[in-house]
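What follows is a short report on a single structure.
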Amino acid sequence: GKGNYRHFMEKEIHEQPEAIAHTLHAVLDSGTGAATIPAPLDAATIPKITIVAAGTSYYAGLTGRYWLESLAGIATEVELASEFRDRDAVLPEGGVTIAVSQSGESLDTLMALRRAKALGQKTLAIVNVPESTIAREADGVLLTRAGPEFGVASTKATTAQLTAFCSLAVALGRKHGRLSEERAAELRRALAGVPGRVGEVLQREAQYQRVARELAHSRDVLYLGRGLSYPIALEGALKLKEITYIHAEGYAAGEMKHGPIALIDEKMPVVVLAPSDGWFEKTASNVAEVRARGGRVILLTDAAGAERLAEKDDHVMILPDVEPVVAPILYAVPVQLLAYYAAVEKGTDADQPRNLAKSVTVE
Ligand code: M6R
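Under full-length UniProt numbering, the first residue of the sequence shown is numbered 244, with each subsequent residue one higher.
What follows is the structure, encoded as structure tokens:
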């Protein structure tokens, strides 16, 4: 049941420290602390990884790409399952396709997995439901341990997917000699600290509730992020539209000047994801462009970022400091809270949004 929570979504948001911790526990070897690399990713060389998924799982895949490229040095492509299944993708021999799915039943993702097999790829499923069709059909399985997720809007399954991708990329980076043992150990420690940091975000959720009340009355909302924060911007926009029916768009911060900047005026809230990382300075200049056009900035950052960037008219939400590599796992949480509390304010049913099913088994 929902316990003391109004919605499954609220409950599942609050279950994230355990979902992340359990996923880490399952992926990491208790002796060495290193992640076990599931077949077929344990091959000596991997010419290319192709990630196929839908919706939120696709955004987790986009984040996974940044990690697989930068930590493991493996060429990675991410494809919408519904497109990939009917495309003539050209894939190298020995390539690995990863199908990412909470339910393990999304028809598009299943079809993409079958297509990858037909193209001679080895396959891995990252799923939350062990007995699912996608888990059964893939050559290898990496289980996320989020526990059953009932809310249509995916929350704890998403952060568990991100956790799985990040630990996997660290393990692959170590195996292929891209990461020193020292750096890998540092990243594993950062991952181990994420459940605690997520707990801290959840303790301060009243601030998200306040800002969400304002978001609930907007017609459109823009989410901006760069680098590792870009997929989380997409995720934030999807969460908001699916449960509040408010039009929202996620954009790569640097792409804003190529079009969507035309939309910005005083009525347009712009949620900016800006942890102090290698992309921060560039994101900061995009924030200046938003302000110059009167946009209302909602800043998700850390203490140093706020110090550097916040201005008095902004809504500023300060997140705990974390190693920038793991920041997307943490920053996924406030965008869920904003969407959830905006839905509560609007009175829409966060658990059962109109027109949507928990697992989409049609084409
Ligand atoms: O079960 P899956 O991860 O395959 O589901 C994919 C999407 O349908 C799903 O993530 C959808 O986008 C969610 N409702 C997002 O919150």
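Just so it is clear, CB atoms sit at the ideal spot from N, CA and C, and this is done for glycine as well.
Note that this is a predicted model, so its numbers are computed, not measured.
query                                                                                                                                                        : result
Can you tell me where the beta strand (DSSP E) with D556 in it begins and where it stops?                                                                    : Neither: D556 is in no beta strand (DSSP E) and is coded neither H nor E.
Should A396 be counted as a contact of the ligand M6R given a C-beta to heavy atom distance under 8 Å?                                                       : yes
Per DSSP, what kind of secondary structure is H268 in: helix, strand or coil?                                                                                : helix
Within 10 Å of its beta-carbon, does G538 have 16 or more other beta-carbons around it, so buried, or fewer, so exposed?                                     : buried
Among T366, G274, G390, whose alpha-carbon lies nearest the alpha-carbon of A264?                                                                            : G390
S519 by DSSP, collapsed to three states: which one?                                                                                                          : coil
Counting along the chain, where does the alpha helix (DSSP H) carrying L483 start and finish?                                                                : 473 to 487
Which residues does DSSP pair with D463 in a beta bridge?                                                                                                    : H490
Quick check on the DSSP output: what are the complete beta strand (DSSP E) runs of length 3 or more inside the stretch 519 to 603, in order along the chain? : 539 to 544, 558 to 561
In its own chain, which residues sit with a C-beta less than 6 Å from the C-beta of V603, not counting the 5 before and 5 after it?                          : S349
Looking only at DSSP bridge pairs, what is L386 linked to?                                                                                                   : V370
Could you pull the start and end residues of the beta strand (DSSP E) that S344 belongs to?                                                                  : 339 to 344
Three or more beta-carbon pairs under 8 Å between the stretch 446 to 461 and the stretch 267 to 279, yes or no?                                              : no
Output the boundary residues of the beta strand (DSSP E) element that contains L458.                                                                         : Per DSSP, L458 belongs to no beta strand (DSSP E); it is in the alpha helix (DSSP H), 449 to 458.
How should E524 be labelled, buried or exposed, when 16 other C-beta atoms within 10 angstroms of its C-beta is the threshold for buried?                    : exposed
Flag this pair as touching only if the stretch 494 to 502 and the stretch 462 to 477 have three or more C-beta atom pairs under 8 Å; answer yes or no.       : yes
So V437 and T398 are supposed to be a Cβ contact under 8 Å. How far apart are they, rounded?                                                                 : About 15 Å; that fails the 8 Å criterion.
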